[in-house]
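Scroll down for the structure; my scribbles are underneath it.
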């Protein structure tokens, strides 16, 4: 069975601070995919990134960066120089191989204070 | 067009009413999903349609009845709901039907059952 743990329920930071959102996953499959989604107060989940189990290369996109480490089963997300618009709930998610079902973590609510 | 649309945005219904939620996408995606999301919880998968056929039903009560009239449309028919069914109902679509594909979400329908 697959499982995604986001231990941080809520985080508050002051604007321009860096913040890291943690994600730990469990799966027995050797082929799997990890995702991060953002859910702003409007409600719509927005896809941010996908990583497959064979690609441990870290990725940077503007102020966002992701650190995937298979050795610790973690896929952490860092926002550099946070902005108020980053305030949202962030979900880490996992899907296995050829299976459609995505397992979401419980989410981390990020509040960026001006 | 990279959008998933959902109507209505808000719906209030009594326990004896029959109503329907509608979801539409024009991205040529062949998989479509219904999720239920309670406050401060992650989305919870209800149904998956793959190539217009129901492929996953997560043991959802029969008072929820999905329908996929064509590859662009997904409906969720509601009948004899309970107050605990009040939630945000999210529709999503993805290009393919395996775990690799990220999902595109609509803004949701906020349902209140009185």
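Residue numbers (this note's numbering), protein chains in the order written: chain A, 3 to 116; chain B, 31 to 144.
In this text, a Cβ means the ideal position worked out from N, Cα and C, and glycines have one as well.
Burial state of residue i (16 or more Cβ within 10 Å)
| i | result |
| --- | --- |
| residue 88 of chain A | buried |
| residue 8 of chain A | buried |
| residue 46 of chain A | buried |
| residue 99 of chain B | exposed |
| residue 43 of chain A | exposed |
| residue 71 of chain A | exposed |
| residue 95 of chain A | buried |
| residue 57 of chain A | exposed |
| residue 131 of chain B | buried |
| residue 110 of chain A | buried |
| residue 72 of chain B | buried |
| residue 14 of chain A | exposed |
Any non-hydrogen atom of the ligand FAD closer than 7 Å to residue i Cβ
| i | result |
| --- | --- |
| residue 39 of chain B | Only the bare structure without any ligand can be found here, which leaves the ligand FAD out of the picture. |
Residue i (DSSP reduced to helix, strand or coil)
| i | result |
| --- | --- |
| residue 99 of chain B | strand |
| residue 15 of chain A | strand |
| residue 114 of chain B | helix |
| residue 131 of chain B | coil |
| residue 93 of chain B | coil |
| residue 46 of chain B | coil |
| residue 101 of chain A | coil |
| residue 108 of chain A | coil |
CB contact below 8 Å: residue i versus chain B
| i | result |
| --- | --- |
| residue 63 of chain A | no |
| residue 47 of chain A | yes |
| residue 35 of chain A | yes |
| residue 26 of chain A | no |
| residue 79 of chain A | no |
| residue 52 of chain A | yes |
| residue 104 of chain A | yes |
| residue 110 of chain A | no |
| residue 70 of chain A | no |
| residue 58 of chain A | no |
| residue 98 of chain A | yes |
| residue 44 of chain A | yes |
Chain-ordered neighbours of residue i on chain C, where CB pairs are closer than 8 Å
| i | result |
| --- | --- |
| residue 101 of chain A | You won't find chain C in this structure, because its protein chains are A and B. |
Neighbour flag for residue i against chain A, beta carbons, 8 Å
| i | result |
| --- | --- |
| residue 69 of chain B | no |
| residue 133 of chain B | yes |
| residue 113 of chain B | no |
| residue 90 of chain B | no |
| residue 136 of chain B | yes |
| residue 42 of chain B | no |
| residue 96 of chain B | no |
| residue 61 of chain B | yes |
When the Cβ atoms of the region 101 to 116 of chain A are set against those of the region 31 to 48 of chain B, are three or more pairs found closer than 8 Å? no
When you compare the region 87 to 102 of chain B with the region 4 to 23 of chain A, are there three or more beta-carbon pairs, one atom per stretch, that lie closer than 8 Å? no
Kindly confirm or deny that the region 40 to 54 of chain B and the region 24 to 37 of chain A touch, where touching means at least three C-beta pairs closer than 8 Å. no
Contact between the region 116 to 123 of chain B and the region 51 to 64 of chain B: three or more CB pairs below 8 Å? Contact between the region 116 to 123 of chain B and the region 51 to 64 of chain B is present: 3 or more CB-CB pairs across the two stretches fall below 8 Å.
Entirely within the region 15 to 96 of chain A and at least 3 residues each: give me those beta strand (DSSP E) ranges in chain order. 21 to 23, 26 to 28, 34 to 41, 48 to 54, 61 to 63, 66 to 71, 76 to 81
Any chance you could list the beta strand (DSSP E) runs of at least 3 consecutive residues sitting entirely within the region 64 to 90 of chain B, in chain order? 74 to 80, 83 to 87
Does the contact criterion of 3 or more C-beta pairs under 8 Å hold for the region 84 to 97 of chain B versus the region 48 to 63 of chain A? no
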